[in-house]
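Asker:
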Amino acid sequence: MSLQTTRDVQVLGIDAGGTMTDTFFVDRDGEFAVGKAQTTPKDESHGLLESSSDALSHWGMDLQGAFKTLRTGVYSGTAMLNRVVQRQGLECGLIVNAGMEDFHRMGRAIQSYLGYAYEDRIHLNTHRYDPPLVPRDRTRGVIERVDMMGTVVIPLREETARRAAKELIAKGVAGIVISLLHSYKNPDNERRVRDIVEEEVAAAGANIPVFASADYYPVRKESHRTNTTILEAYAAEPSRQTLAQITEAFHDKGAGFDFRVMATHGGTISRKARELARTIVSGPIGGVIGAKYLGESLGYKNIVCSDIGGTSFDLSLITQGNLVIRNDPDMARLVLSLPLVALDSVGAGAGSFVRLDPYTHAIQLGPDSAGYRVGVCWPESGIETVTISDCHLVLGYINPDNFLGGQVKLDRQRAMDAVRTQVAEPLGLSVEDAAAGVIELMDQDLRDHMKSMISAKGYSPASFTCFSYGGAGPVHCYGYTEGLGFEDVVVPAWAAGFSAFGCAAADFEYRYDKSLDVNVPPDADEAAKAEAAAQLQNAWAELSESVLIEFEANGFDRKDVTLQPAFRMQYRGQLNDLEIDSPIQTAQGARDWERVVDAFNDAYAQVYAASARSQELGYSVTSAIMRGSVDISKPRIPREEIQGETPPAEAYLGTRKFYRKRTWLDARLFHMESLVPGNRIVGPAIIESDATTFVVPDGFETWLDDHRLFHLKEL
Ligand code: AMP
Ligand code: MG
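Heads up, the final residue of the sequence shown is numbered 719 in our numbering, and it's a clean run with no missing numbers.
#1: Note down the Cα distance separating GLY287 from SER55, rounded to an integer number of angstroms.
#2: Evaluate ARG595 with the Cβ neighbour count: other Cβ atoms within 10 Å of its Cβ, from every protein chain shown; 16 or more gives buried, anything less gives exposed.
#3: To the nearest angstrom, how far is the alpha carbon of PRO525 from that of THR626?
#4: Assuming THR4 is part of the beta strand (DSSP E), what are its boundary residues?
#5: When we look at the beta-carbon of ASN439 and count the other beta-carbons within 10 Å, is it buried (16 or more) or exposed?
#6: What does the alpha-carbon distance come out to for the pair ILE734 and ARG198?
#7: Please confirm if the stretch 341–359 is in contact with the stretch 310–318, defined as three or more CB-CB distances below 8 Å between the two stretches.
#8: Nearest-angstrom Cα distance between VAL13 and GLU556?
#9: Note the first and the last residue of the continuous beta strand (DSSP E) segment covering THR469.
#10: Any idea if LEU74 is buried or exposed, counting beta-carbon neighbours within 10 angstroms, 16 or more meaning buried?
#11: When you compare the CB positions of ALA239 and ARG87, do they come within less than 7 Å of one another, or not?
#12: Beta-carbon within less than 6 Å of TYR608's beta-carbon, same chain only, minus the 5 sequence neighbours each way: which residues are those?
#13: Closest to ARG132 by CA distance: which of GLY119, TYR484, THR143 and ASP437 is it?
#14: Report yes if the CB atom of PRO569 is closer than 7 Å to the CB atom of SER586, and no otherwise.
#15: Return the CA-CA distance between SER61 and VAL699, expressed in angstroms with no decimal places.
#16: Look up LEU719 in the DSSP assignment and say whether it is helix, strand or coil.
#17: Quick one: which unbroken beta strand (DSSP E) runs of 3-plus residues sit fully inside the stretch 6–87? Chain order, please.
#18: For GLY34, I'd like the list of residues in its chain whose CB is within less than 6 Å of its CB, leaving aside the five on either flank, ordered along the chain.
#19: Where ASP527 and LEU184 are concerned, what is the direct C-alpha to C-alpha distance, given to the nearest angstrom?
#20: Cβ of LYS296 within 7 Å of Cβ of GLN324?
#21: Using the C-alpha atoms, what's the distance from ALA504 back to THR283?
#22: What separation, rounded to the nearest whole angstrom, lies between the Cα atoms of LYS455 and VAL600?
#23: Exposed or buried, ARG666, counting other C-beta atoms within 10 Å across all chains shown (16 or more means buried)?
#24: Identify which residue in ASP702, LYS518 and ALA509 has its Cα closest to the Cα of PHE36.
#25: Mind checking if PRO569 is an interface residue toward chain D, Cβ cutoff 7 Å exclusive?
#26: What are the boundary residues of the beta strand (DSSP E) that includes CYS309?
#27: I need the DSSP call for ILE329, collapsed to helix, strand or coil.
#28: Can you tell me whether GLY648 is buried or exposed, with buried defined as 16 or more other CB within 10 angstroms of its CB?
#29: Closer than 6 Å to a non-hydrogen atom of the ligand AMP - does that hold for the CB of SER349?
#30: Pick out whichever of LYS175, ILE182, ARG631 and GLU252 has its Cα sitting closest to the Cα of ASP517.
#31: Let me check understanding here. Comparing Cα to Cα, which of GLY441, LEU520 and ARG161 lies closest to HIS365?
#32: Identify every residue that forms a DSSP beta bridge with PRO569.
#33: Of all the alpha helix (DSSP H) runs that stay within the bounds of the stretch 618–693, which reach a length of 4 or more residues?
#34: If we count the other Cβ atoms within 10 Å of its Cβ and call it buried at 16 or more, is SER548 buried or exposed?
#35: For LEU669 and PRO688, which I take to be in contact (beta-carbon distance under 8 Å), what is that distance rounded to the nearest angstrom?
#36: Checking the sheet assignment: what are the DSSP bridge partners for VAL150?
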């Protein structure tokens, strides 16, 4: 029997995570199919094609049948971030100002305690410096100096640049990064050094890419700017190759499009974009964008996004439909200058290792994890240390015969044995109590984290809906939301592919930032205001050009690009700025300056309080921002008829023993895809899908709405 149907498959979203590679296909009518396969780190295209076949099989289609109509594909993955976390990038050279050769490894001193708890930050003896991305012996100084106003105070001594280039080339570096003081303000010397280095590379007959910070990240703070530019050479170059490989694998199967990649600002950029380091975190961003899209479509304004996969727990807040963007975030213990959707990551996922402290016997979770190798329960994994997944199996949370729809067979007995010897016996507990203790501990950790993140922003969970996704989000969502009092807890039926869904729903959007120093006193005259507007406008014009060039390189016409200027502003002398979408497309004259200022005052009153405004200080614009986007087709949110509360008979799969709160109960099992809108299920129940498992314990109930969203409620 041939199932081959003809669908016009148009969009593909990909999340190549540390554990699973998810694919999300959208057809012309906005209908979608989700696929999953284990990630294949050596050659990502294998896992990707596998996952695509899985998704397309739901439509009875094969790769060739679907790929030929695909118009766009968005990739997200964790490989680049892992490369940086593990400091396994390319060996690069760095050129800085003579006398400043150590600033990169000193990392503003901040880097020595990044990621620490407060009590460790305040103790100097815990601080440590990671090996720098570029060590001192591959760093060279050149003589020149530009001051903070952009004035050249020492002209460039070109012979020092030539010598630096020659020495680094002789060392066989894989890339050369140039980052000079205040080059964001006046890039001339830095660009001259770049040209000299390029000449020397050509003269040596070498093929070494050269990256000048002013061409990539023309922003203040040299440690941030230098790190980010180095990542371009150190970590993004290998990703370019991975993406080229994937593209080739897809083209071999008949695809004709080029991939885009989810970027830290929440839009997608071409895989050929110059600034690919902006895609250092992408999968978790995909999830947040998916939640935002769903929220906009269905009217959820305040959302807590929670994503649990095999390796981590990622949290992000959407308030009044807005994402928070951080401008100088840190990532992998590096300060960076990238616009990044604010995310909190905790190193706890379903693959996290569970160990006992050898002295105190306290249970420790992670931070390392088994990744795609699941745990001891997967006989082929070679893993010997208990993971959270092993505990899930012991307690009956997940079905050993349905992992990835049964593609990966798990062995519950192996999990039991490992939990017994490694956790239960040393603690003097039964196997199930040991496993349940581990799960409770993890849930408690996640719950505390969630609570502190929300209250730190001055909110209460009561005004938020919690979206729970990632393969393991639905397994734990009852546990990490219990008692917090969320307005609603939502599990999308496509939770397992939610980040890939977000990638498919993301705008094709470039964003460029440029630091500015525009200072306007409160009593400024018309001329001063007009001059301020002109400075902002010049920066916008420069940034628009960068945006339009990128779109043109991807075959778009300039006139199809929608441009949105924005800026960051603060009251003069204050330390924190706000990012604001400009109410005007271009700024000309004093009136336009006033409109910009009004927009800032309004936003300030919303974020803080009207009485906190400080107009008497005057205003500073700290950066100009330009975003440009083009229209692409997006997935349609499902909409089905509401039916009765009782699940159809074919959705019922029997029962399984399920352990929680010191009791074994019989949980009713359901097949997720067979449930219909309107169905209400009272726990203990477990709803199984090929790539996720929704646990509804005793004391909870769930109902499925007409958009295939499950709502979880405490009874
Ligand atoms: P993710 O990294 O988002 O793909 O999530 C992977 C995790 O989903 C696994 O580590 C499991 O804990 C969880 N999971 C729950 N049910 C399943 C299932 N049926 N197949 C695979 N993974 C599952
Ligand atoms: Mg994930």
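Every residue gets a Cβ at the ideal spot worked out from N, C-alpha and C, and that includes glycine.
Answerer: By the coordinates alone:
#1: For this step, residue 287 is matched to residue 283 along the sequence shown. For this step, residue 55 is matched to residue 51 along the sequence shown. Near 16 Å, if we compare the C-alpha coordinates of SER55 and GLY287.
#2: The residue labelled residue 595 in the question sits at position 591 within the sequence shown. Classification of ARG595: exposed, given that the 10 Å Cβ count is below 16.
#3: As a first step, residue 525 is located in the sequence shown; it is residue number 521 there, counting from the start. As a first step, residue 626 is located in the sequence shown; it is residue number 622 there, counting from the start. Going by the C-alpha atoms only, they are around 15 Å apart.
#4: The structure shown does not extend to residue 4, since the chain is modelled only from 5 to 719, so the question has no answer here.
#5: On the sequence shown, position 435 is the one that residue 439 refers to. For the sequence presented, residue 439 should be read as Ala rather than Asn. That one is buried.
#6: No answer is possible for residue 734: it lies beyond the span of the chain, which begins at 5 and ends at 719.
#7: yes
#8: Locating residue 13 in the sequence shown gives position 9, where the first residue counts as 1. Locating residue 556 in the sequence shown gives position 552, where the first residue counts as 1. Using only the alpha carbons, I get a separation of about 25 Å.
#9: Start at 1 with the first residue of the sequence shown, and residue 469 comes out as number 465. Segment 469–473, the beta strand (DSSP E) holding THR469.
#10: What you label residue 74 is simply residue 70 of the sequence shown in a count that begins at 1. So LEU74 counts as buried.
#11: Your numbering for residue 239 matches position 235 in the sequence shown. Your numbering for residue 87 matches position 83 in the sequence shown. Cβ atoms of ALA239 and ARG87: closer than 7 Å.
#12: Numbered from 1 along the sequence shown, position 604 holds the residue referred to as residue 608. Result list for TYR608: ARG617, in chain order.
#13: As a working note, residue 132 is residue 128 in the sequence shown. Ranking GLY119, TYR484, THR143 and ASP437 by Cα distance to ARG132 puts GLY119 first.
#14: Residue 569 sits at position 565 when you count from the first residue of the sequence shown. Residue 586 sits at position 582 when you count from the first residue of the sequence shown. Yes, they are a contact pair.
#15: As a position in the sequence shown, residue 61 is number 57, starting the count at 1. As a position in the sequence shown, residue 699 is number 695, starting the count at 1. For SER61 and VAL699, the distance between alpha carbons rounds to 26 Å.
#16: Reading the sequence shown from its first residue, position 715 is the one you call residue 719. Residue state, collapsed to three classes: coil.
#17: 13–20, 24–31, 36–42 and 76–81
#18: In the sequence shown, the residue the question calls residue 34 occupies position 30. So the qualifying residues of the chain are PRO639 and ARG640.
#19: Here residue 527 refers to the residue found at position 523 when the sequence shown is read from its first residue. Here residue 184 refers to the residue found at position 180 when the sequence shown is read from its first residue. Their backbone Cα atoms lie some 36 Å apart in a straight line.
#20: Walking along the sequence shown from the start, residue 296 turns up at place 292. Walking along the sequence shown from the start, residue 324 turns up at place 320. Contact: no.
#21: Taking the first residue of the sequence shown as position 1, residue 283 is located at position 279. Taking the first residue of the sequence shown as position 1, residue 504 is located at position 500. Roughly 15 Å between the two C-alpha positions.
#22: Counting from 1 along the sequence shown, the entry for residue 455 is found at position 451. Counting from 1 along the sequence shown, the entry for residue 600 is found at position 596. Rounded to the nearest angstrom, the two C-alpha atoms are 36 Å apart.
#23: Reading the sequence shown from its first residue, position 662 is the one you call residue 666. ARG666 should be labelled exposed.
#24: Indexing the sequence shown from 1 puts residue 36 at position 32. Comparing Cα positions, the closest option is ALA509.
#25: Going by chain labels, chain D is absent from the structure shown, which holds only one protein chain.
#26: For this step, residue 309 is matched to residue 305 along the sequence shown. Counting along the chain, the beta strand (DSSP E) containing CYS309 begins and ends at 307–312.
#27: Stepping through the sequence shown from its first residue, residue 329 is reached at position 325. Strand at ILE329.
#28: Your numbering for residue 648 matches position 644 in the sequence shown. GLY648 comes out exposed.
#29: For this step, residue 349 is matched to residue 345 along the sequence shown. No; taking the cut-off as 6 Å, the Cβ of SER349 has no heavy atom of the ligand AMP nearer than that.
#30: One-based indexing of the sequence shown puts residue 517 at position 513. Closest by alpha carbon: ARG631.
#31: As a position in the sequence shown, residue 365 is number 361, starting the count at 1. For the residues GLY441, LEU520 and ARG161, the minimum Cα distance to HIS365 belongs to GLY441.
#32: Mapped onto the sequence shown, residue 569 falls at position 565. According to DSSP, which records beta bridges pairwise, PRO569 is partnered with MET630.
#33: none
#34: Counting from one through the sequence shown, the residue named residue 548 turns up at place 544. When all chains shown are included, SER548 counts as buried.
#35: As a position in the sequence shown, residue 669 is number 665, starting the count at 1. As a position in the sequence shown, residue 688 is number 684, starting the count at 1. Right, their Cβ atoms sit about 5 Å apart.
#36: Along the sequence shown, one-based indexing puts residue 150 at 146. VAL150 is bridged to VAL156.
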